[in-house]
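Residue numbers (the numbering used here): 22 to 597. Glycine included, every Cβ here is placed at the ideal spot set by N, Cα and C. Remember, it's a predicted structure, so these values are computed and weren't measured experimentally.
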RNA sequence: GCCCCGUUAGCUCAGCGGAUAGAGCAUCCGCCUUCUAAGCGGAGGGCCGCAAGUUCGAUUCUUGCACGGGGCACCA
């Protein structure tokens with residue numbers, strides 16, 4: 022009996038009880054949900070329906086439960102295939118079900134049949150969702166903080182895809198023309214570039230303390246790359262000539278973006294789409310968006326600037342869209358960008374931002390509301406800051422100055438792509454993340470990703486061993502022979518994957534999957550280890566029928582581990 | 001001052017309105033003639049920040065308070 026069948030049975034029993042006049046009618050029956058109790062002594066499934074109906078029906082929960090149970094038993098007994106083994110009323114009025122063994126083979130057969138598809142659902146019904154993440158400014162490398170956003174965004178996108186949405190992954194490049202920061206960035210690169218040709222300039226370092234100078238060694242790295250690409254072609258650029266700098270800025274920026282793409286690829290992230298803020302300006306989308314706000318009467322002029330009356334939609338204060346000097350503000354581009362996303366036909370937008378951008382949620386949603394779009398169709402995921410511990414000290418990462426911790430050099434090269442992704446996804450986005458680089462470098466059992474991947478490698482080693490012994494992996498087996506408690510526990514966990522993925526997708530919380538993986542790995546290790554103490558409990562035991570059943574079980578475990586790792590973009594090594 | 005996030009075991013954190021609140025690390029005690037010990041079993045350790053409210057039932061929802069972090073530009 023499946024979960025759905027049990028729910029139907031309960032609904033039917035309530036209907037019978039109502040027909041018999043034993044319980045009253047309710048306006049609307051709440052959706053029936055049944056849980057898998059944490060405590061296995063409480064059975065396979067538990068329903069709290071009697072507790073929920075107690076109030077509207079004005080009956081004590083326990084007696085209500087007794088009536089419902091009576092009808093459930095009658096219905097089950099009358100069915101062609103009675104499948105409830107035991108049913109009991111517990112505590113304040115829970116109805117606990119123990120089903121006959123049939124569910125266990127069903128779960129395994131389902132996994133074997135679905136293979137890579139196991140865990141997917143069609144809840145999204147193909148609706149189009151755009152997930153935008155990382156979106157680092159083109160003035161430096163991808164940092165560890167971007168890495169957290171990248172891991173979360175990529176996992177959320179993957180979860181949505183598994184939940185049946187049509188997902189697009191997008192990176193938004195803030196290369197706006199009115200950017201003072203970008204000019205300073207280019208100026209800094211050219212200064213370091215000139216120093217490569219002029220020893221005296223390098224020694225004197227006249228602008229070493231200039232306000233506009235970007236600190237950090239990565240600027241020098243970019244200058245070196247620039248020299249490799251263009252040689253001495255731009256050696257004579259006047260650092261104080263804003264126009265000349267602005268003209269050459271693009272060269273610098275393209276190099277930076279290429280580098281970002283490389284770093285992201287090393288992290289396993291590839292975007293479907295890159296949108297440039299400059300193109301929104303050039304194509305007139307920004308002007309268009311602002312004009313629409315003006316036409317809709319959502320703006321006003323004040324002291325020469327154009328303001329968006331965002332307070333009308335719950336923002337703290339109104340926002341300037343166009344400065345008194347005629348240039349657009351950052352949010353003008355951002356508003357146009359979000360408007361444009363919906364124009365491209367997406368049903369749902371997900372933005373992944375650092376918590377330091379939390380203040381932008383209200384104004385962005387306000388803009389959508391002003392366009393007459395339901396702001397609920399934009400989901401903004403804020404993740405708390407990443408803190409880095411190195412040599413026992415907290416390192417503060419800063420984009421403008423030095424101390425930048427680069428995702429590639431400082432994390433991926435140290436602990437590997439999989440470990441980095443796993444650590445980023447181990448915690449809820451709402452919690453600050455500490456990464457102790459020294460500890461993470463250890464690559465020991467303390468590292469949970471190894472624990473999980475090792476479980477997968479172990480499943481593979483069983484098949485390896487079987488093959489050496491000339492034992493073929495059976496296509497089917499008598500799964501009713503899986504009678505050990507460790508086996509039942511394992512299969513119950515395997516059964517949870519579709520629910521876990523659906524839940525994590527619905528909540529936009531990938532960390533549930535890392536927890537699931539650890540739990541599943543632990544149950545597999547326990548199951549496996551039982552064979553170390555008792556050879557009869559090994560997968561490759563004497564009894565061929567039991568052995569075949571266990572091989573099918575291990576195959577299902579391998580599939581589920583692989584699928585769950587895959588959702589998070591983690592590899593499933595066959596050997597470790 | 002206002003907005004967002006947090007407060008659960010020594011530490012870092014899970015916990016989807018339910019039953020005896022969990023995991024990892026750390027500490028202590030056990031298990032290698034092994035299908036991979038990169039593993040497993042066991043023990044100790046909790047006013048779930050405080051106070052109200054809603055509920056049959058609150059660690060979970062609401063409000064207030066306290067403490068900690070982040071954010072409050074005609075910067076991006």
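Cβ atoms of residue 359 and residue 388 come within 8 Å of each other, at about 7 Å. With respect to residue 443, residue 582 sits apart: the two C-beta atoms are not nearer than 9 Å.
Minimum Cα-Cα distance from residue 133 among the listed residues 589, 570, 587 and 595 corresponds to 570. DSSP places residue 325 outside both helix and strand once states are collapsed to three, so it counts as coil. Here the alpha carbon of residue 302 sits roughly 13 Å from the alpha carbon of residue 312.
Taking the Cβ atoms as the reference, residue 58 lies roughly 14 Å from residue 72, outside the contact range of under 8 Å. With respect to residue 597, residue 474 sits close: the two C-beta atoms are nearer than 9 Å. In the three-state reduction of the DSSP assignment, residue 158 falls in the coil class.
Scanning 27, 501, 482 and 498 for the CA closest to the CA of residue 549 turns up 482. Contact check between the region 230–250 and the region 381–396: fewer than three CB pairs, one atom from each, fall below 8 Å, which does not count as touching.
CA-CA distance, residue 259 to residue 319, rounds to 44 Å. Excluding its 5 nearest sequence neighbours in each direction, residue 397 has no C-beta neighbour in its own chain below 8 Å. The continuous beta strand (DSSP E) containing residue 111 extends over residues 105–111.
Counted as a single uninterrupted DSSP element, the alpha helix (DSSP H) harbouring residue 487 occupies residues 469–489. In this structure residue 147 is exposed. Its beta-carbon is surrounded by fewer than 16 other beta-carbon atoms within 10 angstroms. For residue 192, the enclosing beta strand (DSSP E) covers residues 187–194. The straight-line gap separating the alpha-carbon atoms of residue 525 and residue 192 is approximately 23 Å. Around the C-beta of residue 154, 16 or more other C-beta atoms lie within 10 Å, and the residue is accordingly described as buried. In the three-state reduction of the DSSP assignment, residue 264 falls in the helix class, which pools H, G and I. If you ignore the 5 residues before and after residue 207, its C-beta comes within less than 7 Å of the C-beta of 266, 269, 270 and 273, all in its own chain and listed in chain order. Annotated three-state conformation of residue 55 is strand, per DSSP. Separation of residue 240 and residue 506 (C-alpha to C-alpha, rounded to the nearest whole angstrom) is 59 Å. DSSP lists 191 as the beta-bridge partner residues of residue 294. Taking the C-beta atoms as reference points, residue 452 is found no nearer than 9 Å to residue 515. Along the region 191–251, the alpha helix (DSSP H) occurs as fully enclosed runs of 4 or more residues at 201–218, 220–225 and 239–251, listed in sequence order.
Straight through space, the alpha carbons of residue 35 and residue 96 are spaced by roughly 11 Å.
Residue environment for residue 184: buried (at least 16 other C-beta atoms within 10 angstroms of its C-beta).
Per DSSP, reduced to three states, the secondary structure at residue 259 is coil, with no helix or strand assignment. In this structure, DSSP gives residue 349 an extended state, which the three-state scheme calls strand. Buried is the label assigned to residue 429, since at least 16 other Cβ atoms lie within 10 Å of its Cβ.
Looking only at 120, 572, 349 and 225, the smallest Cα-Cα distance to residue 495 is reached by 572. By the C-beta density criterion, residue 468 is buried, having at least 16 other C-beta atoms within 10 angstroms. Minimum Cα-Cα distance from residue 344 among the listed residues 363, 324 and 545 corresponds to 324. DSSP lists 111 as the beta-bridge partner residues of residue 115. Here residue 577 is not bridged, per DSSP, to any residue. Around the Cβ of residue 264, a 10 Å sphere holds fewer than 16 other Cβ atoms; the residue is exposed.
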